[in-house]
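Colleague:
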Ligand code: NAI
């Protein structure tokens, strides 16, 4: 049996960091080194102050506290981690391409390829290379080709082990996964990885498949999840014009065990670094095999999601008497969902952009997102100069200040704390009529109406 003593993970991000922390916690006899080119990120992972970890995830600080320095290490020395490891996880980012062929749809695999070339160059002993990043189906073929042509007689086995954790619940998802998926060709290599997970995951939850099923399953899982959100969001628009209530419809259909109740919450739209990128990637793959109908079917999930974000912003403009020019809109929440500081593809960014086009001024409060990140998100769009973004958007660290003298409040993230605010006090300090647009169906409509708010939610 192949014994793994040392693991390296390339990429200390939202996946690499928490995943390796749990693997190290559960396998105290294996040394786990997480490496990244980003020295600031690595320094934050090593910070003695656990509130400074680069990623906010409930419960992560305790796991890092337990394992860090014992058998969990964070470093910028990528080469020596590769050299010493028996098993190397690649957990780098795989964003949508922003240039050249496949621009706007295909996954950009340049970071993956750089990792493979670096592994090929540095390795002097046999390695198991694990694809942890989400990758287009058949990427392992390219990795094999790069790794097998090194000429230094090192044997590489490639496994696919996509990660299914959700941000905001990463630690509990890792501790108690619905399943772990491992695809590969060598039974010995597959077993080596199974053994690592088997220290805490029941064996019936560890599924092994061929490489291509594993790679494709991750894209398909995200496509199915996002499709449910777009499906219920499509119905939310129909509810608004017919008098049906999307919460009631979701409850009624979700009780059918064939449908199930999860992921049926109508909202301003899904965000995050994965859903959009992975569906676009699926669309691109289908197209590249000439499967136009398959591509069109899945692309509609994205089209619906974009529509929902714009529809939300347009409803604010329409309700505020068709102009938001010079009006103050308070944004509660900027992260793409609660319990994370991740803002990638957050609906808030696009709603803000649309309102800023109409010359609104926006004040943002989010419990975990920094002002720097919010401006970076807006600047990245390139819609207006960073000076203009700073002039039109203010970021504050008190929700009551954010809502003071606002014409309207938009709830963009479902942070639990928003529910417990003193809404009467907020109402008193706003312009009247005071509007609330609840993009997450989070707040108590009845309570807010009684206070005097004009309250709008999704699909009601
Ligand atoms: P991330 O952007 O947070 O982290 C990636 C890290 O890799 C960055 O810190 C970057 O500096 C580092 N990196 C890139 N190239 C490198 C290189 N050559 N050498 C060393 N470090 C390098 O990305 P995240 O969110 O962790 O995602 C990683 C992968 O996992 C992606 O393929 C994503 O689709 C997938 N995934 C993400 C999930 C999520 O919830 N964020 C969930 C499941 C999968």
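Residue numbers (this note's numbering): 11 to 470.
Ideal placement from N, C-alpha and C gives every residue a C-beta, glycine not left out.
Values in this document were obtained by computation on a predicted structure and should not be read as measured data.
1) Which residues does DSSP list as the beta-bridge partners of residue 24?
2) Give the range of the beta strand (DSSP E) segment to which residue 464 is assigned.
3) Using 8 Å for Cβ pairs, my map puts residue 121 next to residue 22. What's the rounded Cβ distance?
4) Can residue 103 be considered in contact with the ligand NAI, in the sense that its beta carbon sits closer than 7 Å to one or more heavy atoms?
5) Quick check: is any heavy atom of the ligand NAI less than 7 Å from the C-beta of residue 173?
6) Which residues in the same chain as residue 94 place their Cβ atom closer than 6 Å to its Cβ, once the five residues preceding and following it in sequence are excluded?
7) Is there at least one non-hydrogen atom of the ligand NAI closer than 7 Å to the beta-carbon of residue 22?
8) When you compare the CB positions of residue 444 and residue 414, do they come within less than 8 Å of one another, or not?
9) Among 42, 279 and 436, whose alpha-carbon lies nearest the alpha-carbon of residue 242?
10) Closest to residue 308 by C-alpha separation, out of 124, 237, 470 and 325, would be which residue?
11) Under the criterion of a Cβ to heavy atom distance below 7 Å, does residue 379 qualify as lining the ligand NAI?
12) Can you find at least 3 beta carbon pairs, one from the segment 357 to 374 and one from the segment 398 to 405, that sit closer than 8 Å?
13) For a test of the three-state rule: what should DSSP assign to residue 137, helix, strand or coil?
14) Cutting at 8 Å between CB atoms, please list the residues of its own chain near residue 159, excluding the five before and the five after it.
15) Measuring only from the beta carbon, is residue 19 closer than 7 Å to any heavy atom that is part of the ligand NAI?
16) Give the straight-line distance between the Cα atoms of residue 194 and residue 100, rounded to the nearest whole angstrom.
17) Would you say the beta carbon of residue 43 is closer than 7 Å to some non-hydrogen atom of the ligand NAI?
18) Thinking C-beta only, is residue 353 closer than 8 Å to residue 412?
19) Just how far apart, CA to CA, sit residue 448 and residue 277?
20) Who does residue 78 pair with in a DSSP beta bridge?
21) Please state the DSSP three-state secondary structure of residue 448.
22) Shorter than 7 Å, the distance from the beta carbon of residue 195 to the closest heavy atom of the ligand NAI, or not?
23) Going along the chain, which unbroken runs of the alpha helix (DSSP H) with 4 or more residues stay wholly within the segment 169 to 196?
24) Work out the CA separation of residue 77 and residue 140 for me, nearest whole Å.
25) Going by the C-beta, is residue 143 closer than 7 Å to any heavy atom of the ligand NAI?
26) State buried or exposed for residue 286, treating a residue as buried only when at least 16 other CB atoms are found within 10 Å of its CB.
27) Following a CB-centred definition, is residue 465 positioned closer than 7 Å to any heavy atom of the ligand NAI?
28) Drop a sphere of 10 angstroms on the beta-carbon of residue 315, count the other beta-carbons inside from all chains shown, and report buried for 16 or more, exposed for fewer.
29) Quick check: the Cα distance between residue 182 and residue 36, rounded to an integer number of angstroms?
30) For residue 117, list the residues DSSP reports as bridge partners.
Modeller: With the structure as the only source:
1) Indexing the chain shown from 1 puts residue 24 at position 14. Bridge partners of residue 24: none, in fact.
2) On the chain shown, residue 464 is found 454 positions in, with the first residue counted as 1. For residue 464, the enclosing beta strand (DSSP E) starts and ends at 464 to 467.
3) Position 111 of the chain shown, counted from the start, is the residue given in the question as residue 121. Position 12 of the chain shown, counted from the start, is the residue given in the question as residue 22. About 13 Å; that fails the 8 Å criterion.
4) As a first step, residue 103 is located in the chain shown; it is residue number 93 there, counting from the start. The ligand NAI approaches residue 103 closely enough that one of its heavy atoms is under 7 Å from the residue's Cβ.
5) Counting from one through the chain shown, the residue named residue 173 turns up at place 163. Yes.
6) Reading the chain shown from its first residue, position 84 is the one you call residue 94. Taking residue 94 as the centre and dropping the five residues before and after it, the same chain places the C-beta of 16 closer than 6 Å to its C-beta, in chain order.
7) By 1-based counting over the chain shown, the position of residue 22 is 12. Between the ligand NAI and the CB of residue 22, the shortest heavy atom gap is smaller than 7 Å.
8) Along the chain shown, read from residue 1 onward, the residue named residue 444 stands at position 434. Along the chain shown, read from residue 1 onward, the residue named residue 414 stands at position 404. In this structure, residue 414 does not lie closer than 8 Å to residue 444 by Cβ.
9) Here residue 242 is taken as the residue at index 232 of the chain shown, counted from 1. Among 42, 279 and 436, the Cα nearest to that of residue 242 belongs to 279.
10) One-based indexing of the chain shown puts residue 308 at position 298. Selection 124, 237, 470 and 325 evaluated against residue 308 yields 237 as nearest (Cα-Cα).
11) Indexing the chain shown from 1 puts residue 379 at position 369. For residue 379, the shortest separation between its Cβ and any heavy atom of the ligand NAI does not lie below 7 Å.
12) Segments in contact, yes.
13) The residue given as residue 137 occupies position 127 in the chain shown. Residue 137: strand per DSSP, three-state reduction.
14) The count along the chain shown starts at 1 and reaches residue 159 at position 149. Closer than 8 Å at Cβ, skipping near neighbours: 130.
15) Numbered from 1 along the chain shown, position 9 holds the residue referred to as residue 19. Incorrect: residue 19 has no Cβ contact closer than 7 Å to the ligand NAI.
16) Taking the first residue of the chain shown as position 1, residue 194 is located at position 184. Taking the first residue of the chain shown as position 1, residue 100 is located at position 90. If you take the alpha carbons of residue 194 and residue 100, they lie about 15 Å apart.
17) For this step, residue 43 is matched to residue 33 along the chain shown. Placement of the Cβ of residue 43 at a distance of 7 Å or more from every heavy atom of the ligand NAI is found.
18) As a position in the chain shown, residue 412 is number 402, starting the count at 1. As a position in the chain shown, residue 353 is number 343, starting the count at 1. The beta carbons of residue 412 and residue 353 sit no closer together than 8 Å.
19) Locating residue 448 in the chain shown gives position 438, where the first residue counts as 1. Locating residue 277 in the chain shown gives position 267, where the first residue counts as 1. So the alpha carbons of these two residues sit roughly 9 Å apart.
20) Here the question's residue 78 lines up with position 68 in the chain shown. Paired residues: 82.
21) Start at 1 with the first residue of the chain shown, and residue 448 comes out as number 438. In the structure shown, residue 448 falls within a strand segment according to DSSP collapsed to helix, strand and coil.
22) Looking up residue 195 in the chain shown gives position 185. Checking the Cβ of residue 195 against the ligand NAI gives no.
23) For the segment 169 to 196, whole alpha helix (DSSP H) runs of length 4 or above, ordered along the chain, are 180 to 185.
24) For the purposes of this step, residue 140 is taken as the residue at position 130 of the chain shown. For the purposes of this step, residue 77 is taken as the residue at position 67 of the chain shown. Each residue's CA atom was taken as its position, placing residue 140 and residue 77 some 22 Å apart.
25) By one-based count along the chain shown, residue 143 stands at place 133. Yes, since a heavy atom of the ligand NAI falls inside the 7 Å radius drawn around the Cβ of residue 143.
26) By one-based count along the chain shown, residue 286 stands at place 276. Counting C-beta atoms within 10 angstroms of its own C-beta, residue 286 has 16 or more neighbours from the protein chains shown and is therefore classed as buried.
27) As a position in the chain shown, residue 465 is number 455, starting the count at 1. Residue 465 Cβ: outside cutoff for every heavy atom of the ligand NAI.
28) Taking the first residue of the chain shown as 1, we reach residue 315 at position 305. When all chains shown are included, residue 315 counts as buried.
29) Taking the chain shown and counting its residues from 1, the one referred to as residue 182 is at position 172. Taking the chain shown and counting its residues from 1, the one referred to as residue 36 is at position 26. So the alpha carbons of these two residues sit roughly 13 Å apart.
30) Here residue 117 corresponds to residue number 107 of the chain shown, with the count starting at 1. Answer by DSSP bridge pairing, in chain order: 106.
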